[in-house]
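Each residue of the sequence shown is one higher than the last, beginning at 16 in my numbering. The C-beta atom is built at its ideal place from N, Cα and C for all residues, glycine as well.
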Amino acid sequence: MGRQTPLFAQHLELGARMVDFGGWDMPVQYSSQLAEHHAVRRAAGMFDVSHMCAIDLEGARTRALLRHLLANDVARLQAPGKALYSCMLNEQGGVRDDLIVYFIAADRFRLVVNAGTRDADLAWIRAQAAPFGVTVTERGDLAMLAVQGPEARSRAAQLLDAANGAAALTLGNFFGRQLGSWFVARTGYTGEDGFEIMMPAADAVPAWRQLAALGVAPCGLGARDTLRLEAGMNLYGNDMDEHTNPLESGLAWTVSLNDASRDFIGRAALETTTRQGVGRKLAGLVLEDRGVLRSHQRVVSNAGDGETTSGGFSPTLERSIALARLPAAATGTVQVDIRGKLLAARIVPLPFVRHGQSQLQEKPQ
């Protein structure tokens with residue numbers, strides 16, 4: 016038996032198929048993964064993401080701590096509520112975790128980290144925070160719901176009173192705000208618009224039921240994975256980990272080297288890699304032959320071998336797609352080893368899908 020979110024009994028009541036995910040008992044699907052996927056692309060779906068860990072950092076030197084801890088620069092966060100996506104690195108430049116950080120106040124920030132790295136992240140952050148005099152608080156009292164899709168914000172705002180609902184609808188992209196007892200953020204992991212809402216654990220079941228009454232479809236981890244894959248979003252442990260750096264994981268945009276005086280953890284290693292040249296890249300693949308792309312399949316390219324890191328069937332495109340770590344010089348058509356057969360695929364730019372629409376181009380990139 017793994018850890019359980021406040022919605023565990025609700026998932027069982029709905030007949031969800033449960034799986035272990037990062038040590039948590041989580042719903043992989045309720046009835047049809049395909050229907051759940053399409054609900055998010057076409058209207059609105061909701062996910063229990065309470066397994067993810069919210070961490071509050073507080074103290075006069077919190078910003079200085081985060082400028083040391085993260086590869087992206089929180090100096091960019093000037094407006095209260097603004098969020099930033101970043102990787103937290105080890106000294107070798109490998110990705111310890113990817114996370115979102117919210118600027119709450121001058122002396123207070125909130126991080127949201129992954130479930131599978133939760134305990135290791137907390138230990139690491141506390142060790143780094145001690146010299147800065149920053150208090151680290153795990154917010155185990157909170158549940159988190161993700162409501163995603165083109166109609167997600169309008170439906171979710173109805174759960175709040177008139178004033179807070181209106182305020183939620185004015186949130187800019189990648190902004191969060193405390194609205195009553197809920198922290199509502201315009202963020203997500205599906206490639207669609209929507210909210211991620213942190214709330215007292217006792218509010219989770221009533222909120223879930225109210226959203227369902229508003230026509231928001233319960234969705235499991237299966238749909239969440241196909242949605243994020245279509246959106247070209249990395250999954251920690253698949254597409255990057257402690258042995259890969261952001262520069263070879265399609266995340267160079269999350270690394271800020273502009274301030275030469277900012278000595279963040281892993282900076283020296285990334286600068287060395289930059290000088291020597293980044294030898295690998297994360298690219299999108301679309302299978303041209305019949306078959307299914309999965310993770311850890313060998314990819315033969317014109318510049319050498321690589322490997323798929325995530326893969327599956329895209330419900331939106333009705334094709335098999337994958338993320339793959341390839342030699343940086345790889346272009347055009349490649350071959351993927353699927354059960355001993357080399358099948359043709361082509362390299363395409365990411366994302367595969369944006370706001371429900373195919374981004375595929377006819378010519379290989």
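Does A283 pass the burial test, meaning 16 or more other C-beta atoms within 10 Å, or should it be called exposed?
exposed
In whole angstroms, give me the CA-to-CA distance for S316 and A339.
11 Å
Let me know the secondary structure DSSP gives V55 once reduced to three states.
helix
Ignore the nearest five residues each way along the sequence and tell me which others in G195's own chain have a CB closer than 6 Å to its CB.
N179
I need the straight-line Cα distance from M159 to G203, nearest angstrom please.
Rounded to the nearest angstrom, the two C-alpha atoms are 12 Å apart.
Length at least 4, wholly inside the segment 257-302: the alpha helix (DSSP H) runs in chain order
282-291
Residue interval of the alpha helix (DSSP H) (run including F23):
23-28
7 Å CB neighbourhood of L229 in its chain, flanking five on each side removed
Only R170, Q173 meet the Cβ criterion.
Which residues mark the beginning and the end of the beta strand (DSSP E) in which V315 is found?
Judged by DSSP secondary structure, V315 falls within the beta strand (DSSP E) whose first and last residues are 313-316.
Which residues in the same chain as A75 place their Cβ atom closer than 6 Å to its Cβ, once the five residues preceding and following it in sequence are excluded?
D122
If you compare alpha carbons, which of C68, G355, L236, L262 is closest to L49?
L236
In this structure, does DSSP put Q380 in helix, strand or coil?
With a pLDDT of only 43 at Q380, under the threshold of 50, the placement of this residue in the model should not be trusted; the figure read from the coordinates follows. The answer is coil: DSSP assigns Q380 none of H, G, I, E or B.
Nearest residue (CA-CA) to L358, options A344, I336, P366
I336
C-beta atoms of F367 and E257 nearer than 8 Å
no
For L341, is the classification buried or exposed, using 16 other Cβ atoms within 10 angstroms of its Cβ as the cut-off for buried?
buried
If you run the structure through DSSP and keep just helix, strand and coil, what is V349?
strand
Take the Cβ of T331 as the centre, count every other Cβ of all protein chains shown within 10 Å, and call the residue buried at 16 or more, exposed below.
buried
Just how far apart, CA to CA, sit L80 and V116?
Their backbone Cα atoms lie some 12 Å apart in a straight line.
Is it true that the segment 57-72 meets the segment 146-158, where meeting means three or more beta-carbon pairs spaced less than 8 Å apart?
yes
Out of A345, V363, G252, point me to the one whose CA is closest to C102's CA.
G252
From the DSSP output, in three-state form, read off G237 for me.
Judged by DSSP in its simplified three-state form, G237 adopts helix.
DSSP on Q48, reduced to helix/strand/coil?
helix
Per DSSP, cross-strand counterpart(s) of M213:
M159, F198
Using beta-carbon positions only, say whether G209 and V162 come within less than 8 Å of one another.
Taking 8 Å as the Cβ cut-off, G209 and V162 qualify as a contacting pair.
Measuring CB atoms only, is the segment 218-234 touching the segment 299-314, in the sense that at least three cross pairs come out at less than 8 Å?
no
If distances are taken between C-alpha atoms only, which option among L126, D112, R111 comes closest to F118?
L126
Paired residues, beta bridge with A120 - DSSP:
R123
Would a C-beta distance cut-off of 8 Å place W39 and R56 closer than the cut-off?
no
Beta-carbon proximity of T205 to R168, cut-off 8 Å
no
Residue closest to G347, alpha-carbon to alpha-carbon, out of Q374, A59, E303:
E303
Through-space distance from F36 to L27, alpha-carbon basis:
Those two C-alpha atoms are separated by around 16 Å.
Collapsed DSSP secondary structure at D88 in the structure displayed
Three-state result, D88: coil.
Which one of I140, S325, I212, M41 has the shortest CA to CA distance from M16?
M41
Please determine, among Y100, A145, T20, the residue with the shortest C-alpha to C-alpha distance to N249.
Y100
Let me make sure I understand the geometry here. Which of R201, L184, G109 has the alpha-carbon closest to that of F190?
R201 is the residue among R201, L184, G109 whose C-alpha sits nearest the C-alpha of F190.
Rank D176, V89, L262, R361 by C-alpha distance to the C-alpha of A120 and give the top, closest one.
V89
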